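Worksheet for the structure shown next.
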Amino acid sequence: MEWTEASKSKELEMVRAAVDQLDPNERDARGRTPLMLFITNRMPVDGMKLLLEKNVDLEAEDKLGDTALKKAVKFKQPETVKLLIANGAQLNSPHGILGTAWQAARMDKAMADLLADTDGAVRLTMNDEEQRIIDGILYEESLDEVTCRIRGLSSPVLLHAVVDGYNWDDGPDPMIAALENPECAEITMLDMYELLDADYWLGMGEADAAASEEGRKWRLLAERLKEKVGAKLI
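In terms of full-length UniProt numbering, the sequence shown opens at residue 1 and continues consecutively.
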């Protein structure tokens with residue numbers, strides 16, 4: 001019997017036999033552990049629990065850099081995510097916030113909120129009042145008013161949602177205000193770096209960027225973001 005075969009079985013006794021006889025931390029050619037195989041082959045929770053009793057390495061990474069927790073996120077298995085966390089899977093990553101399962105889960109806000117205790121994470125689901133505030137900013141026609149409201153935000157959750165929903169073609173001033181807001185979280189800055197395409201502006205000659213007031217401000221924003229979070233980029 002091999003782990004590949006066992007991981008595809010839905011017969012609990014066959015799974016139990018494999019768990020009792022095989023190395024629970026064995027790796028395949030792609031660096032995947034038996035736990036990862038159980039996840040990718042959608043092993044029922046009862047079978048997963050049998051394996052978790054065997055002192056498995058929850059933090060092992062495969063050749064893609066995925067842990068079991070990140071696999072559970074990618075294969076959209078919220079119950080497995082809960083099970084792994086309950087068994088001690090680490091939410092944080094030595095690679096920083098961008099290497100976490102929370103980061104991998106962000107397109108699925110409900111899934112991401114299961115991982116909301118990750119250091120540096122922000123809540124992604126909004127209640128009705130929070131959504132009203134966000135929409136009021138994003139759909140405001142006056143850019144000066146948008147900038148003013150962003151400066152007045154006192155919640156990293158709301159600030160993050162505004163940054164991720166902002167139409168960057170509208171100009172740099174609101175996003176400069178977002179960066180200057182003391183509630184601007186590191187992950188928000190990292191998102192800003194990507195949304196701005198900061199590398200483009202940093203690679204542009206200063207004279208070219210300064211050819212317009214807007215270009216000068218975008219370049220300034222890129223420089224500030226690089227200074228704050230450049231070392232955290234993956």
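From the three backbone atoms N, C-alpha and C, an ideal C-beta is built for every residue, glycine too. This one's a predicted model, so the numbers in the text were calculated from it and none came from an experiment.
Look at the Cβ atom of residue i, then the Cβ atom of residue j, and state whether they are nearer than 7 Å.
{"i": "Lys69", "j": "Ala18", "result": "A quick correction: the sequence has Leu, not Lys, at residue 69. Cβ atoms of Leu69 and Ala18: not closer than 7 Å."}
{"i": "Ile134", "j": "Ala161", "result": "yes"}
{"i": "Val81", "j": "Leu50", "result": "no"}
{"i": "Ser7", "j": "Phe38", "result": "yes"}
{"i": "Asp62", "j": "Arg30", "result": "yes"}
{"i": "Asp119", "j": "Asn92", "result": "yes"}
{"i": "Pro94", "j": "Val122", "result": "no"}
Among the options, which one has its Cα closest to the Cα of residue i?
{"i": "Lys54", "options": "Thr4, Leu22 and Ser93", "result": "Leu22"}
{"i": "Glu180", "options": "Gly165, Tyr200 and Arg151", "result": "Arg151"}
{"i": "Glu140", "options": "Ser155, Pro174 and Gly230", "result": "Pro174"}
{"i": "Arg106", "options": "Gln90, Thr125 and Ser93", "result": "Thr125"}
{"i": "Glu59", "options": "Gly47, Arg32, Asn41 and Thr40", "result": "Arg32"}
{"i": "Glu213", "options": "Val229, Asp197, Leu196 and Gly171", "result": "Gly171"}
{"i": "Pro24", "options": "Val56, Thr40 and Asp66", "result": "Val56"}
{"i": "residue 235", "options": "Pro34, Ala89 and Leu225", "result": "Given that the chain is displayed from residue 1 to residue 234, the structure contains no residue 235 and the question cannot be resolved."}
{"i": "Asp169", "options": "Asp197, Pro156, Ser155 and Glu129", "result": "Asp197"}
{"i": "Ile234", "options": "Leu143, Tyr193, Asp164 and Arg123", "result": "Tyr193"}
Going by beta carbon distance, what residues of the same chain come within less than 8 Å of residue i, once the five residues before and after it are set aside?
{"i": "Glu79", "result": "Val45"}
{"i": "Ala210", "result": "Arg216 and Arg219"}
{"i": "Leu159", "result": "Ile150, Leu153, Ala178, Asn181, Glu183, Cys184, Ala185 and Thr188"}
{"i": "Leu83", "result": "Val45, Met48, Lys49 and Leu52"}
{"i": "Asp28", "result": "Trp3, Thr4 and Leu37"}
{"i": "Lys232", "result": "Gly96, Ile97, Leu98, Glu186 and Leu190"}
So, for residue i: in the same chain, excluding its five sequence neighbours on each side, which residues have a beta-carbon less than 7 Å away from its beta-carbon?
{"i": "Ile137", "result": "Val146, Arg149, Ile150 and Val162"}
{"i": "Leu12", "result": "Asp46 and Gly47"}
Give every residue of the same chain whose Cβ lies closer than 6 Å to the Cβ of residue i, excluding the five residues on either side of it in the sequence, and list them in chain order.
{"i": "Tyr166", "result": "none"}
{"i": "Lys228", "result": "Met189"}
Can you confirm whether the region 109–124 touches the region 72–85 when touching is taken to mean that 3 or more C-beta pairs between the two stretches lie within less than 8 Å? yes
Which ranges would you report for the beta strand (DSSP E) in the UniProt domain "DUF4274" (155–228) if only whole runs of at least 3 residues count? none
Does the structure place the region 220–230 close enough to the region 192–208 that three or more beta carbon pairs sit under 8 Å? yes
Runs of alpha helix (DSSP H) lying entirely within the region 10–38, each at least 4 residues, in chain order: 12–21
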